[in-house]
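Student: One gets the working numbering by counting positions in the sequence shown from 1 and adding 4 to each. We put the CB at the ideal spot given by N, CA and C, even for glycine. Bear in mind the structure is a predicted one, so any value in this text is a computation, not a measurement.
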Amino acid sequence: MSTDTRTTCPYCGVGCGVLARPGAPVTGDPAHPANFGRLCSKGTALGETLSLDGRLLHPEIDGVRASWDTALDRVAAGFAETIARHGPDAVALYVSGQLLTEDYYAANKLAKGFLGTANIDSNSRLCMASAVAGHRRAFGEDVVPCTYEDLEQADLVILVGSNTAWCHPVLYQRILAARDRRPRMRLVVIDPRRTATCEGADLHLPLAPGSDVALFNGLLAHLSLTGGLDAGFLATATGGAAEAIRLARAETPDAAATAALCGLDVRDVARFFAGFAASERTVTLFSQGVNQSSAGTDKVNAIINVHLATGRIGRPGMGPFSITGQPNAMGGREVGALANTLAAHLEWERPGDADLLRGFWRAPALPARPGLKAVDLFRAIEAGKIRAVWIIATNPAISLPRAGAVRRALAGCGLVVVSDCVRDSDTADLAHVRLPALGWGEKDGTVTNSERVISRQRAFLPPPGEAKPDWWIIAEVARRLGHGGAFAWNGPADIFREHAALSGLANDGRRLFDISGLAHLTDEAFENLAPTRWPCPAGGGTPRPFADQRFATPDGRARLVPTPYRAPAQATDARFPLVLNTGRVRDQWHTMTRTGKSARLMAHKPVPELSVHPDDAGPLADGALVVVEAAVGSAILRLRHDPGLRRGSVFVPMHWTDRFCPAGRINPAVNAATDPLSGQPELKYTPVRLRPFLARWHGFLLARRAFGAALADWCAVLPAGDGAWRHELAGLDAPEAGFARLKHLLGDGAWTMLRDPASGVFRAALLADGRLEACLFLGPDHMLPPRDWLVGRFAAGVLPATDRRALLAARPADGKMPEAPVCVCHGVGAIAIGAAITAGCRTVDAIGRATRAGTNCGSCRPELHALLDAAPRDTTDHEPAAALTAS
Ligand code: SF4
5 MSTDTRTTCP
15 YCGVGCGVLA
25 RPGAPVTGDP
35 AHPANFGRLC
45 SKGTALGETL
55 SLDGRLLHPE
65 IDGVRASWDT
75 ALDRVAAGFA
85 ETIARHGPDA
95 VALYVSGQLL
105 TEDYYAANKL
115 AKGFLGTANI
125 DSNSRLCMAS
135 AVAGHRRAFG
145 EDVVPCTYED
155 LEQADLVILV
165 GSNTAWCHPV
175 LYQRILAARD
185 RRPRMRLVVI
195 DPRRTATCEG
205 ADLHLPLAPG
215 SDVALFNGLL
225 AHLSLTGGLD
235 AGFLATATGG
245 AAEAIRLARA
255 ETPDAAATAA
265 LCGLDVRDVA
275 RFFAGFAASE
285 RTVTLFSQGV
295 NQSSAGTDKV
305 NAIINVHLAT
315 GRIGRPGMGP
325 FSITGQPNAM
335 GGREVGALAN
345 TLAAHLEWER
355 PGDADLLRGF
365 WRAPALPARP
375 GLKAVDLFRA
385 IEAGKIRAVW
395 IIATNPAISL
405 PRAGAVRRAL
415 AGCGLVVVSD
425 CVRDSDTADL
435 AHVRLPALGW
445 GEKDGTVTNS
455 ERVISRQRAF
465 LPPPGEAKPD
475 WWIIAEVARR
485 LGHGGAFAWN
495 GPADIFREHA
505 ALSGLANDGR
515 RLFDISGLAH
525 LTDEAFENLA
535 PTRWPCPAGG
545 GTPRPFADQR
555 FATPDGRARL
565 VPTPYRAPAQ
575 ATDARFPLVL
585 NTGRVRDQWH
595 TMTRTGKSAR
605 LMAHKPVPEL
615 SVHPDDAGPL
625 ADGALVVVEA
635 AVGSAILRLR
645 HDPGLRRGSV
655 FVPMHWTDRF
665 CPAGRINPAV
675 NAATDPLSGQ
685 PELKYTPVRL
695 RPFLARWHGF
705 LLARRAFGAA
715 LADWCAVLPA
725 GDGAWRHELA
735 GLDAPEAGFA
745 RLKHLLGDGA
755 WTMLRDPASG
765 VFRAALLADG
775 RLEACLFLGP
785 DHMLPPRDWL
795 VGRFAAGVLP
805 ATDRRALLAA
815 RPADGKMPEA
825 PVCVCHGVGA
835 IAIGAAITAG
845 CRTVDAIGRA
855 TRAGTNCGSC
865 RPELHALLDA
875 APRDTTDHEP
885 AAALTAS
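1. Near the ligand SF4, which residues have their beta-carbon less than 6 Å from any of its heavy atoms, given in chain order?
2. Along the alpha helix (DSSP H) that carries residue 793, what are the first and last residues, could you check?
3. Any idea what DSSP makes of residue 760, helix, strand or coil?
4. When burial is assigned at 16 or more other CB atoms within 10 Å of the CB, is residue 885 buried or exposed?
5. Across which residues does DSSP place residue 638 in a beta bridge pair?
6. Rounded to a whole number of angstroms, what is the C-alpha to C-alpha distance between residue 46 and residue 398?
7. Let me know if residue 23 comes out buried or exposed under the rule of 16 or more other beta-carbons within 10 Å of its beta-carbon.
8. Kindly identify the DSSP beta-bridge partner or partners of residue 585.
9. Can you tell me the Cα-Cα spacing of residue 208 and residue 866, whole angstroms?
10. Within 10 Å of its beta-carbon, does residue 11 have 16 or more other beta-carbons around it, so buried, or fewer, so exposed?
11. Find out if the Cβ-Cβ distance for the pair residue 121, residue 92 is shorter than 9 Å.
12. Let me know the secondary structure DSSP gives residue 128 once reduced to three states.
13. Look up residue 148 in the DSSP assignment and say whether it is helix, strand or coil.
14. How long is the line joining the alpha carbons of residue 742 and residue 66, rounded to whole angstroms?
15. To the nearest angstrom, how far is the alpha carbon of residue 104 from that of residue 834?
16. Sort 798, 271, 310 and 740 by Cα distance to residue 288 and report the nearest one.
17. Hey, which unbroken runs of the beta strand (DSSP E) at 3 residues or more fall wholly within the region 18 to 79?
18. Can you tell me the Cα-Cα spacing of residue 748 and residue 499, whole angstroms?
19. Any contact between the region 322 to 338 and the region 127 to 141? By contact I mean 3 or more CB pairs, one from each, below 8 Å.
20. Where residue 222 and residue 141 are concerned, what is the direct C-alpha to C-alpha distance, given to the nearest angstrom?
21. Using the Cα positions of residue 338 and residue 348, report the straight-line distance between them to the nearest angstrom.
22. Just tell me which of 81, 172 and 143 has its CA closest to the CA of residue 19.
23. Pick helix, strand or coil for residue 157, following the three-state DSSP scheme.
24. In whole angstroms, what separates the C-alpha of residue 76 from that of residue 97?
25. According to DSSP, residue 768 sits in a beta bridge with which residue or residues?
26. Could you pull out every residue in the same chain whose Cβ sits closer than 8 Å to the Cβ of residue 761, ignoring the five residues on either side in sequence?
27. Along the alpha helix (DSSP H) that carries residue 138, what are the first and last residues, could you check?
28. Do you know offhand how far residue 143's Cα is from residue 305's?
29. Where do the ends of the alpha helix (DSSP H) carrying residue 304 lie?
30. Between the C-alpha atoms of residue 511 and residue 159, what's the straight-line distance to the nearest angstrom?
31. How would you call residue 55, buried or exposed, if buried means at least 16 neighbouring beta carbons within 10 angstroms?
32. Do you know offhand how far residue 489's Cα is from residue 99's?
33. Between 537, 780, 733 and 794, which has its C-alpha nearest residue 727's C-alpha?
34. Do residue 364 and residue 509 have their C-beta atoms closer together than 9 Å?
35. Identify the continuous beta strand (DSSP E) that holds residue 815 and give its terminal residues.
36. What residue does the beta strand (DSSP E) around residue 403 start on, and which one ends it?
Below is the structure:
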């Protein structure tokens, strides 16, 4: 019997430890300091995502299977030829926060050190580049000063632009559990949307999209006018305070001016200011809502400014805390795999650093200046300036803004190489060469989470097909280009030791990123490496960043940066009156290549939705299909009324791709404005308008196999569980023609049918030997019957006569309908939860005891809170705070 392997979740930047073995459910690692055994719904479902369906298992050239030698020769020759004819800046790599640190290191070393181009950027550009730029401006180095324990020790936790409850669920549960233990702790959420995270908040500030800088400038002005500054810290450890404060006072002199700029109630702003002033132990956690903005870097610095101004940094329970979206965004920052950074936190701008790296790598070709950041990099491909690109473990044809143009750029590029574990993706479909990479559970190396903890990802599955580690693929191309000596690694331990040694190069405390204490790990010690937080220098110790009030600037002082408030790059107008905000949903990750395999996870949000305040929806009905149009593109989505949306804005998740819902891809509509310093795109603010999608029919098809997502003008396909695939459909052709076409697809057999052309209702069920094979429902609008009972019939074997007769009604003879689960882990739905509330459950914990809902990963606890709040009584299990100020 195999034993559990200790490894790390491949999804978000919380970096939870997991225990895994083939064929068994994945569980949380009780010994891991990020999660102490807890997992969210995505982590819990990891075991359901390990099938080899859709995997790329062999190298391919132009869609035809090739040997590794042939494919690698083609890549090396293509890059060599392009560089010879057009120079090194005619090639590029686009990599990913999904990569292990060792893979990331190898890619960066190849590009910057040996191809001689700085045109290597990461999809982390979309995630936390503004945080990186803000840290470097303020601290002189990209250092996240906080840990998860600081969140638990804080008296005030401020979550800015972060739906933590859905996007970093385990961390959110740690915060709520800490507040249960320490009721003086207060939680403030700053977000234009009322998200699930707000269910646990003492104060929600639904500020106008993009106005975060004004809010934090207002706070800085307030602190400066009310004796709230730490004059000693400012004098000894910082510079730039006078100018930052002068600007803040000029723009936002008081709560009223701040409230006006931010579109907030002045009393809420005053409460926030007073709460901050009174709570020395304050952590401000921020995420994509801050970073993904044309003013993202200023937002980050506005947040850091108030921490520096109050000296709330470098001590327990306080500090600005950038939380990363991706599992190894931090590792990518360590190895310098962004176009404007060098390895090991060396800097182009710091005299001598580039020479140090040149010498260490023996890489004379190291470029003299930064390369193109993601959006500009793909613009250069579009313009024909970059002629060969190698895309590793990411899907820019769907994830970048203005994604339609990215797709066209790749289609016109001379050489597109894709290394991935997935064969078909919006990007891989455009590749000339596909290289099969190992996936999670198969690869081996390290990742670093948001609190600077390096953890091992270990393999517990055999390599499938001919798939190889990314570092090996990169090293083989390097060898073919004549650089084999610099890439002669035997495994990830070799690369990690080199990376660790580089971090200590001429360091002497100049750079906090120093893991030289790990540079001499034996292979065995690397294999057994326990989670380790950096810095861990060769001299020992794990100093808390900035505890000594020294920063990585030339004079050792942190910088307060004046941050003038700037409106988002594109303004709404009469043509495009609404603001499109994009983000994540609770149970999906990125482009769904893994989470989309789990019927349990897909059940939470089966199709892409657009949420809008009911007052902005006008005549558009809840559940209808709408076209969302922007200047650069459009998408078709299921409309949801959500009173939690701020008036004037809409929200759309970014997960759906060609494979799951071609018309539901939102990034072709998102504008490509970027922050001038960080280059991070403004994924949270695109002016749009809505109109109805005038389908002539709506429908769904349930079948034992997937028929793809091109069955109708609008189509979403997903695994439905019980061996069934669900296709949600809408068509512009005549209903009768659509019905005939779809029915023909399923073939002849024992069909039961109901056809009513006058009302546009068509229903059919196909049985084989008494088992349900497929059912097809079409109607004139989106008000179609529920699918859940029908889906359950696919697992029921030979159907009893009562069920067969009930198929076209889509409900059982006894009328007892199953329901979609609120708690995905235990399959508990709203009816059972409602019954528990009616029976007297007054808290989320009480509901958990009665139904088990919310007792595993906790991801649904905000929804349980919402159901309690909707009940006609006071049901909260945490006393609402009258004021933020803790006594
Ligand atoms: S919070 Fe969830 S998605 Fe994030 S690392 Fe933990 S288990 Fe994975």
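Tutor: Inspection of the coordinates gives the following:
1. 13, 15, 16, 18, 19, 20, 39, 43, 44, 46, 47, 172, 173 and 174
2. Position 789 of the sequence shown, counted from the start, is the residue given in the question as residue 793. Element bounds for residue 793: 792 to 797.
3. What you label residue 760 is simply residue 756 of the sequence shown in a count that begins at 1. Three-state result, residue 760: strand.
4. The sequence position of residue 885 within the sequence shown is 881, counting from 1. Bear in mind that the predicted position of residue 885 carries a pLDDT of just 37, short of 50, making it too unreliable to give a figure here.
5. Within the sequence shown, numbered from 1, the residue matching residue 638 stands at position 634. Paired residue(s): 633.
6. Against the sequence shown, residue 46 aligns to sequence position 42. Against the sequence shown, residue 398 aligns to sequence position 394. Roughly 19 Å between the two C-alpha positions.
7. If you number the sequence shown from 1, residue 23 lands on position 19. Result: buried.
8. The residue you call residue 585 lines up with position 581 of the sequence shown. Answer by DSSP bridge pairing, in chain order: 655.
9. Looking up residue 208 in the sequence shown gives position 204. Looking up residue 866 in the sequence shown gives position 862. If you take the alpha carbons of residue 208 and residue 866, they lie about 14 Å apart.
10. Locating residue 11 in the sequence shown gives position 7, counting from the first residue. Classification of residue 11: buried, given that the 10 Å Cβ count is 16 or more.
11. As a working note, residue 121 is residue 117 in the sequence shown. As a working note, residue 92 is residue 88 in the sequence shown. The answer is yes: Cβ separation under 9 Å.
12. Taking the first residue of the sequence shown as position 1, residue 128 is located at position 124. It is helical.
13. Locating residue 148 in the sequence shown gives position 144, where the first residue counts as 1. Residue 148: coil per DSSP, three-state reduction.
14. Translated into the one-based positions of the sequence shown, residue 742 becomes position 738. Translated into the one-based positions of the sequence shown, residue 66 becomes position 62. Roughly 35 Å between the two C-alpha positions.
15. In the sequence shown, residue 104 corresponds to position 100, counting from 1. In the sequence shown, residue 834 corresponds to position 830, counting from 1. Approximately 40 Å, taken between the alpha carbons.
16. Within the sequence shown, residue 288 is the residue found at index 284, counting from 1. Measuring from the Cα of residue 288, the nearest candidate turns out to be 310.
17. 21 to 24
18. In the sequence shown, the residue the question calls residue 748 occupies position 744. In the sequence shown, the residue the question calls residue 499 occupies position 495. When rounded, the distance between both Cα atoms is 56 Å.
19. yes
20. Sequence index remark: in the sequence shown, residue 222 carries index 218 (1-based). Sequence index remark: in the sequence shown, residue 141 carries index 137 (1-based). About 21 Å.
21. Mapped onto the sequence shown, residue 338 falls at position 334. Mapped onto the sequence shown, residue 348 falls at position 344. About 5 Å.
22. Your numbering for residue 19 matches position 15 in the sequence shown. Nearest C-alpha to residue 19: 172.
23. Within the sequence shown, numbered from 1, the residue matching residue 157 stands at position 153. If DSSP states are grouped into helix, strand and coil, residue 157 belongs with the helices.
24. As a working note, residue 76 is residue 72 in the sequence shown. As a working note, residue 97 is residue 93 in the sequence shown. Cα to Cα, residue 76 sits roughly 15 Å from residue 97.
25. Taking the first residue of the sequence shown as position 1, residue 768 is located at position 764. Paired residues: 757 and 780.
26. For this step, residue 761 is matched to residue 757 along the sequence shown. Closer than 8 Å at Cβ, skipping near neighbours: 739 and 740.
27. Start at 1 with the first residue of the sequence shown, and residue 138 comes out as number 134. 133 to 143 is the span of the alpha helix (DSSP H), which, as asked, contains residue 138.
28. Taking the sequence shown and counting its residues from 1, the one referred to as residue 143 is at position 139. Taking the sequence shown and counting its residues from 1, the one referred to as residue 305 is at position 301. Distance between the alpha carbons of residue 143 and residue 305: 10 Å.
29. Numbered from its first residue, the sequence shown carries residue 304 at position 300. That run of the alpha helix (DSSP H) goes 300 to 313.
30. Counting from 1 along the sequence shown, the entry for residue 511 is found at position 507. Counting from 1 along the sequence shown, the entry for residue 159 is found at position 155. Taking the straight line from one Cα to the other gives about 36 Å.
31. On the sequence shown, position 51 is the one that residue 55 refers to. The residue in question, residue 55, is exposed, as its Cβ has fewer than 16 Cβ neighbours within 10 Å.
32. Locating residue 489 in the sequence shown gives position 485, where the first residue counts as 1. Locating residue 99 in the sequence shown gives position 95, where the first residue counts as 1. Taking the straight line from one Cα to the other gives about 23 Å.
33. The sequence position of residue 727 within the sequence shown is 723, counting from 1. Comparing Cα-Cα distances from residue 727 to each of 537, 780, 733 and 794, the minimum goes to 794.
34. Taking the first residue of the sequence shown as position 1, residue 364 is located at position 360. Taking the first residue of the sequence shown as position 1, residue 509 is located at position 505. It is a contact, given that the beta carbons lie within the stated cut-off.
35. Position 811 of the sequence shown, counted from the start, is the residue given in the question as residue 815. That residue, residue 815, is in no beta strand (DSSP E); it is neither H nor E in DSSP.
36. Within the sequence shown, numbered from 1, the residue matching residue 403 stands at position 399. Element bounds for residue 403: not the beta strand (DSSP E) but the alpha helix (DSSP H), 400 to 403.
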